[in-house]
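What follows is a single structure, written as structure tokens, with notes after it.
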Amino acid sequence: MTSVMWFRRDLRVNDNKALYHACKEEDLILLFQVNPEQFIKGSPSHQAFFASVAHFKQELNKNTHLQIMFGDPIELLKQLKEKIPTWDKVFFNRDETGYGASRDEAAQAFFADKEITVHSYHDSYLHSAEEVKKSATEYYKIFTPYYKKWREEIKEIPLKVALKPENIRKESLFPKYEEQFRELIQDLPAFDSGEKAANTRLANFVKEDLANYDKARDVPALDKTSHLSRYLRTGEISIRTVWQALQKEEATEGRATFEKELCWRDFYNMIYVSFPKQKNEPIQENYRFIEWENNREFFKKWQDGQTGFPLVDAAMRQLKETGWMHNRLRMITASFLTKDLLIDWRFGEKYFQQMLIDYDPASNIGGWQWAASTGTDAVPYFRIFNPTTQSEKFDPDGRFIRKYVKELRDLPAKFIHQPEKMSETEQQEHGMILGKDYPFPIIDHKERRKLAIARYEFSKEHSRGNI
Ligand SMILES: Cc1cc2nc3c(=O)[nH]c(=O)nc-3n(C[C@H](O)[C@H](O)[C@H](O)COP(=O)(O)OP(=O)(O)OC[C@H]3O[C@@H](n4cnc5c(N)ncnc54)[C@H](O)[C@@H]3O)c2cc1C
Numbered sequence: 002m003t004s005v006m007w008f009r010r011d012l013r014v015n016d017n018k019a020l021y022h023a024c025k026e027e028d029l030i031l032l033f034q035v036n037p038e039q040f041i042k043g044s045p046s047h048q049a050f051f052a053s054v055a056h057f058k059q060e061l062n063k064n065t066h067l068q069i070m071f072g073d074p075i076e077l078l079k080q081l082k083e084k085i086p087t088w089d090k091v092f093f094n095r096d097e098t099g100y101g102a103s104r105d106e107a108a109q110a111f112f113a114d115k116e117i118t119v120h121s122y123h124d125s126y127l128h129s130a131e132e133v134k135k136s137a138t139e140y141y142k143i144f145t146p147y148y149k150k151w152r153e154e155i156k157e158i159p160l161k162v163a164l165k166p167e168n169i170r171k172e173s174l175f176p177k178y179e180e181q182f183r184e185l186i187q188d189l190p191a192f193d194s195g196e197k198a199a200n201t202r203l204a205n206f207v208k209e210d211l212a213n214y215d216k217a218r219d220v221p222a223l224d225k226t227s228h229l230s231r232y233l234r235t236g237e238i239s240i241r242t243v244w245q246a247l248q249k250e251e252a253t254e255g256r257a258t259f260e261k262e263l264c265w266r267d268f269y270n271m272i273y274v275s276f277p278k279q280k281n282e283p284i285q286e287n288y289r290f291i292e293w294e295n296n297r298e299f300f301k302k303w304q305d306g307q308t309g310f311p312l313v314d315a316a317m318r319q320l321k322e323t324g325w326m327h328n329r330l331r332m333i334t335a336s337f338l339t340k341d342l343l344i345d346w347r348f349g350e351k352y353f354q355q356m357l358i359d360y361d362p363a364s365n366i367g368g369w370q371w372a373a374s375t376g377t378d379a380v381p382y383f384r385i386f387n388p389t390t391q392s393e394k395f396d397p398d399g400r401f402i403r404k405y406v407k408e409l410r411d412l413p414a415k416f417i418h419q420p421e422k423m424s425e426t427e428q429q430e431h432g433m434i435l436g437k438d439y440p441f442p443i444i445d446h447k448e449r450r451k452l453a454i455a456r457y458e459f460s461k462e463h464s465r466g467n468i
């Protein structure tokens with residue numbers, strides 16, 4: 002009898018719940034499927050993900066073998082069953098939302114039909130959506146009560162996984178797919194992938210930055226957040242390992258704030274379970290009638306970091322150059338796109354999906370619906386970030402701006418947040434001519450703020466049948 006361990010976004014050996022159980026089997030196949038339909042070729046988000054798969058395969062292939070298959074998941078499962086008729090058990094960590102959840106549902110039907118016993122686990126979150134609920138039938142909508150309940154729940158401790166290479170198939174079952182995989186990964190840029198890199202990142206963060214996380218986390222120039230998001234997204238580190246590392250530390254404000262951020266991750270997963278249509282639909286019905294402008298030229302300027310608002314531009318350039326953006330800046334750029342440029346948040350969400358090496362559907366959609374005020378427990382529509390005051394507050398000396406907007410590098414602090422305030426003489430003096438070296442602001446924030454509020458109010462009245 003043969004068992005399959007089907008990996009997805011759990012690219013690790015340590016504390017991998019499904020693998021822990023699969024390791025007890027005597028004839029085991031390790032499997033990863035690539036669905037090309039899901040692959041946006043060349044996008045940093047996918048490059049980073051497949052670099053992690055490649056790294057994981059390389060590690061496993063040292064004394065076992067990660068089988069790769071290419072194509073539609075159900076078709077591939079059929080091929081595997083034809084090739085291995087003794088296959089009778091499958092182990093995997095299941096997905097609760099989005100593409101993964103619908104794939105798992107289709108796969109369950111296949112397994113039932115073929116009499117393959119399913120052993121599936123919740124692995125990605127400290128608490129699955131069903132574990133922290135208001136009542137048996139009701140999910141939370143607001144973060145604070147959710148967080149209170151979430152804190153009280155007991156967190157699982159990491160499992161020690163002992164691979165038994167002697168029980169794992171080492172020959173390649175589908176060489177043609179392995180060849181396709183080699184082609185897919187051959188030109189990938191280098192990423193700091195793998196369990197080891199993830200654990201080092203965690204250890205360094207806990208040692209150096211955890212205690213002061215509450216104070217430093219909002220200042221992009223300090224770069225004092227953990228950067229664990231990309232490893233949590235691929236599962237190169239388990240969330241329980243992160244939690245356990247925190248529990249060994251002194252109970253500081255820094256630690257408490259960081260734990261709360263991990264709760265946001267669980268919260269947005271739960272929200273996605275309770276609003277499965279949230280990728281395409283605003284959660285709040287009141288804001289389904291906003292009249293977006295969707296100006297293409299503005300969208301391109303936002304993507305390219307050419308809006309004339311220095312901190313917005315620095316953030317968007319950081320995303321393009323590194324595939325990552327600081328949380329404060331994700332909030333500022335998302336607010337700017339939706340409330341200042343009046344561009345539908347769904348365009349921004351899709352752009353981040355392509356660009357972010359830590360792209361996670363639940364957190365990204367959650368973050369965008371929060372910023373666009375369309376989500377549950379989102380920022381109220383009338384509290385609109387002022388991109389200039391945000392810049393003065395969170396990048397006071399312009400250190401972050403200077404790093405990414407090189408043409409502003411030599412400006413004195415008094416102009417760094419608003420270069421358009423310089424006279425022509427001052428521009429010449431600093432070697433930076435507006436309209437030539439750096440753009441004038443593409444919109445007037447005060448006017449756009451008023452317009453945005455009016456559009457949100459219109460939508461609210463319209464949805465209530467008052468207009
Ligand atoms: C518009 C927008 C889009 C976002 N898109 C994503 C995304 O695609 N993937 C993603 O992982 N996060 C996303 N976030 C949340 C947050 O910005 C990132 O998790 C964080 O910046 C990652 O950096 P870090 O690991 O250094 O975070 P840290 O500050 O070190 O936080 C530790 C961990 O807590 C979790 N976390 C922190 N803040 C949040 C949050 N607001 N929501 C959910 N989880 C959080 C993450 O897993 C993170 O790795 C988004 C936020 C916004 C406003």
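If you count by the working numbering, then the sequence shown holds residues 2 to 468, one letter each, in order. Every residue, glycine too, gets a C-beta built ideally from N, C-alpha and C. These numbers come from a predicted model, not from an experiment.
DSSP places V133 outside any alpha helix (DSSP H), giving it a letter other than H or E. F192 sits in coil when the DSSP states are folded into three classes, being neither helix nor strand. I272 is classed as buried because its beta carbon has at least 16 other beta carbons within 10 Å across all chains shown. Judged by the Cβ position, S364 qualifies as a neighbour of ligand 1 at the 8 Å threshold, a heavy atom of the ligand being closer than this. For the pair N168 and C24, the CB atoms are nearer than the 9 Å cut-off. For I75, the uninterrupted alpha helix (DSSP H) segment begins and ends at 74-84. Looking only at T323, Q248, K451, the smallest Cα-Cα distance to F353 is reached by T323.
T87 and L32 have their alpha carbons spaced roughly 16 Å apart.
At a cut-off of 8 Å, the beta-carbon of H327 counts as near ligand 1: some heavy atom of the ligand is closer than that. Annotated as proximal: P277 and A102, with beta-carbon spacing under 9 Å. In the DSSP assignment, V162 falls outside any alpha helix (DSSP H) and carries neither an H nor an E. Between T334 and I444, the gap from beta carbon to beta carbon reaches 9 Å or more. By the neighbour-count criterion, in which 16 or more other beta carbons inside 10 Å mark a residue as buried, A52 falls on the buried side. Under the three-state reduction of DSSP output, E154 falls in the coil class, being neither helix nor strand. Inclusion of V313 and F348 in the CB contact set at 9 Å is not warranted, their separation being larger than that value. Within the model, the alpha-carbon separation for R465 versus L320 is close to 39 Å. When the alpha-carbon of F299 is set against those of C264, N270, K340, the nearest one is in K340. Excluding the 5 residues flanking it on each side, Y232 has same chain C-beta neighbours closer than 6 Å at A199, I238, in chain order.
Y122 carries a strand assignment under DSSP once its states are collapsed to helix, strand and coil. Taking 4 residues as the minimum length, the alpha helix (DSSP H) runs contained wholly in the segment 240-303 are 240-248, 254-275, in order along the chain. In the structure shown, M326 adopts coil according to DSSP, grouped into three states. Residue range 446-464 is occupied by the alpha helix (DSSP H) that includes K451. One thing to note: K90 has its Cβ no nearer than 9 Å to the Cβ of I69.
With a threshold of 8 Å, the Cβ atom of L263 counts as near ligand 1, since some heavy atom of the ligand is closer than that. Contact holds between the segment 366-380 and the segment 283-294, because three or more Cβ pairs, one in each stretch, are under 8 Å apart.
Its chain contains R331, A335 as the residues whose beta carbon lies nearer than 7 Å to that of G368, once the 5 sequence neighbours on both sides are disregarded; these appear in chain order. By the neighbour-count criterion, in which 16 or more other beta carbons inside 10 Å mark a residue as buried, I155 falls on the exposed side.
D396: not part of any alpha helix (DSSP H); DSSP gives it neither H nor E. For M356, the enclosing alpha helix (DSSP H) begins and ends at 346-356. DSSP places F386 in no alpha helix (DSSP H); its state is neither H nor E. The segment 210-224 and the segment 386-398 touch, with three or more beta-carbon pairs separated by less than 8 Å.
Assigned with DSSP and collapsed to three states, I238 falls in coil, not helix or strand. With contacts defined by Cβ atoms closer than 9 Å, Y405 and A315 form a contacting pair. Counting along the chain, D16 sits inside no beta strand (DSSP E), nor does DSSP assign it H or E at all. A straight line joining the alpha-carbon of K150 with that of I468 spans about 40 Å.
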